[in-house]
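Remember, my numbering sits 1 above the position in the sequence shown when you count from 1. Heads up, the beta-carbon is just placed ideally off N, CA and C, and yes, glycines get one too. Since the structure comes first, as structure tokens, the remarks are kept for the end.
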Amino acid sequence: MYCVRTLLGLLALFATTAAFEDSVTDYAPAVNIPCPDLSTTDFVREWTASNQTINPKEVDYVETRMNSTIAQAWIDWLGNGSQLGYNSTAFQGNFPKIGIAIPGGGLRAAQYGAAALSGLDARNSSAKAAGTGGLLQVSSYLSGLSGSLFFNNFPTLGELVFGNGNNLTGWLLDIAFATPDGDDVFSEYNQYFFGSILWSVMSKADTGIDTSITDPWARMISFHFLNQTNRQNFFTNDTAHGAGQLWSNIPTIPAWQQYETPFPILVTDSRPQNLNTTTALTLDPTVYEITPFEFASYDPDLSAGVNLTFAGTPMTNKKPVNATACVTGFDQAGFMMGTSASLFNQILDFAHNTLQGFSQSDGNGLLYVLSRQLSEVRTRADDVANWPNPFNGVKTATYDDANSTWLSLIDGASNGENIPLGPLFVRTRALDVIVTLDGSADDSNNWPNGTGLLISAERQSTILEASHQQMPPLPQNAQAFVDTGARERTTFFGCDPTQNPPEFPLVIYIPNMPPFNGDDPTANTGTFQLQYTPKQQQVLFDQIHNNTISGFVPNTNDADPDFVVNRSDFCQTCFTQYCFDPQNPPSLSEVPNRKQIFVDPDPQGLENFLSENKSKLIGGVVGLVVFIGLLIGGLIWWKKRRDRQFVAQYQQVSALHEEEELNLKRYSQYVRPESYEMPAHRGSLYSDS
């Protein structure tokens, strides 16, 4: 096996070791930067649950957009209100404040979120014709993994996912995340890819900031969801592949400066330093949010935020430890998204060198990169995202990690809150309507059953009672979500508040659901599926989009012709149809003929072979039995051969992950070549077609 230095030399990333513009080494933060005047600069701000404050820059953006862009968007969406039986001028600009929550759940949830948003986007002609298009434009907040939207300048969702034949290449989901050149991790192109990933991670480690498996994961995410990567340059380093793009730079994009975009928020959970669990978290550990301006938590136990530009700076008591050693550039967009999606805490099994849930190919790729990373650089906790703790010394009486210099951050759904609702319920943000997109895989068929919503409701009513709005009445449990049919149609929760102003926001629940018209479902794929064919993507996207814009008609498989845009005469009927009444709940029988079992629209491998050659195989039972016997025998032989090959490569992972057992070197201790040659092979493995 080539050593990393040899591989990186072969990759020939640069002519010299100096940092070039648009380099994969731009993933490294800048360290030892002189800090702003400590006597006049507030690096960390605090508040209390009863006296919350929002970052002033967030307030300015949201309010300016509400009074200009959103006010006009309401008029564009609803006109003067006459078609609804209302007069929009009577609202006098007091329109509802709306937030949209995009769920977690791997590439399935990412595609679900994009397709559902397309059904709410006024720029989509079918959504606009259905009346749902426009809700995205009047929304103030967007919580969830939305970085791809912003770093591609807020295009239409179809262009974002599939490309536009011009400056957008799409998500390239037909290229596998972890092994883009196929199963063989030692293939030429995979080695180019891994070398680029490792070079980025090592450049960060060289600054003295500890890395983990989240860092290569973040770089893999960047190849697909940030700009700069296409089929021609995927295996080259002609671009930085998203390195150097900072979350704090979102306000510089044109769409932001024109107030076209909702305010984005990521969510991440934390594993307290005194807790080494690899199981699901309880609801107690602190939940953080990441905005373009701040890394913060509105949990009552912390209630503090740090300027995102200086995240990564060692701090204590709200000030940098060293006035000449601030850190900038830690908030790499890929690392922010990777932190929010760092799910390795529960699936990385060092004892058996496996990543539970991933396919063997994807698991092999990730473990290969981790083994190379661990053999070359020092890490801290391998299965989390390592962040210097900006809140060291803050709220020492209540905050779990007040005495910790590092934070261990993990997937935002690690405590069961698979939908990032917390930021949208923060009391002082005062949202009126929260659109809840649920793409979870709660049951055996990978459909949601309201579990994430129920867990968020529990956390809000216990830990967050003083700091957050409460959830409106919901079905009592997951089974009730099934029995009432609430998981198979759009449902409104909170239609009947008893106070003025309402004691809870209206929650519009739009789950990933079987097709309303009885078609075979294609959107309930597995959470750990990291590759989709173009046909699979398109069919999935179209099915979710159509579900989003169609509503439902009770006891039929018809779309609702009056969905969203109902005249006032029909409003009572509309509320009866869509609103959840806990005293008179709906029934599953109202959504008949919904198919539950996934049907692959573009089967690959053995499934595809059997499908295409079924008539030939029916030639005789004996022939079929012989074929299956040979096939199974071949697969067993192949698996044993592969297992022997990979065990030798990955057995070092469990030996390497314990720091105290190793004499690990930082990458800065290795002698670097002064210059490199560009790789001889710089072509594209994939064509444009």
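query	result
Taking only three categories from DSSP, how would you classify residue 254?	coil
Taking the continuous beta strand (DSSP E) assigned at residue 289, which residues delimit it?	288-291
From the DSSP secondary-structure annotation, give me the bridge partner or partners of residue 333.	247
Taking the straight line between their C-alpha atoms, what separation do you get for residue 24 and residue 224?	13 Å
Can you confirm whether the stretch 424-434 touches the stretch 497-513 when touching is taken to mean that 3 or more C-beta pairs between the two stretches lie within less than 8 Å?	yes
Closest by CA to residue 323, which one among 284, 437, 39 and 261?	39
Suppose you measure from the CA of residue 49 to the CA of residue 273; what does that come to, to the nearest Å?	21 Å
For residue 424 and residue 162, I'd like the C-alpha separation in whole angstroms.	26 Å
With distance defined between alpha-carbon atoms, name the residue in 127, 523, 143 and 308 nearest to residue 446.	523
Tell me the rounded alpha-carbon separation between residue 1 and residue 459.	Because the chain here runs from 2 to 690, residue 1 falls outside it and cannot be looked at.
Beta-carbon separation of residue 114 and residue 440 under 8 Å?	yes
Assign residue 64 to buried or exposed, taking buried as 16 or more other Cβ atoms, counted over all protein chains shown, within 10 Å of its Cβ.	exposed
Classify residue 55 as buried or exposed, calling it buried when 16 or more other Cβ atoms lie within 10 Å of its own Cβ.	buried
Using beta-carbon positions only, say whether residue 328 and residue 34 come within less than 8 Å of one another.	yes
Would you decide whether residue 466 is buried or exposed? Buried here means 16 or more other CB atoms lie within 10 Å of its CB.	exposed
Could you give the DSSP three-state label for residue 79: helix, strand or coil?	helix
Residue 130: buried (16+ other C-beta within 10 angstroms of its C-beta) or exposed?	exposed
Could you name the residues of the same chain whose beta carbon sits closer than 6 Å to that of residue 252, not counting the 5 residues immediately before and after it, in chain order?	293
I'd like the list of long-range same chain contacts for residue 152, defined as Cβ closer than 7 Å, with 5 residues on each side in sequence excluded.	227, 228, 246 and 334
Using DSSP with H/G/I as helix, E/B as strand and the rest coil, what is residue 229?	coil
On the CB-based measure, 16 or more other CB atoms within 10 Å of its CB, does residue 266 come out buried or exposed?	buried
How many Å lie between residue 417 and residue 117 at the Cα?	22 Å
Using the beta-carbon count (16 or more within 10 Å), is residue 60 buried or exposed?	exposed
Helix, strand or coil: how does DSSP classify residue 450 here?	coil
When burial is assigned at 16 or more other CB atoms within 10 Å of the CB, is residue 198 buried or exposed?	buried
Compute the Euclidean distance between the alpha carbons of residue 69 and residue 260, then round it to the nearest angstrom.	8 Å
On the DSSP letters alone, give me the boundaries of the beta strand (DSSP E) that residue 270 sits inside.	264-271
If you follow the beta strand (DSSP E) that residue 438 is in, where does it begin and where does it stop?	434-439
For a test of the three-state rule: what should DSSP assign to residue 407, helix, strand or coil?	strand
Does the Cβ of residue 396 have 16 or more other Cβ atoms within 10 Å, making it buried, or fewer, making it exposed?	buried
Starting from the Cα of residue 43, find the closest Cα among 310, 341, 402 and 599 and give me that residue.	310
Look up residue 48 in the DSSP assignment and say whether it is helix, strand or coil.	coil
Mind checking whether residue 528 and residue 442 have CB atoms under 8 Å apart?	yes
Given this structure, state the Cα-to-Cα distance separating residue 194 from residue 339, to the nearest angstrom.	18 Å
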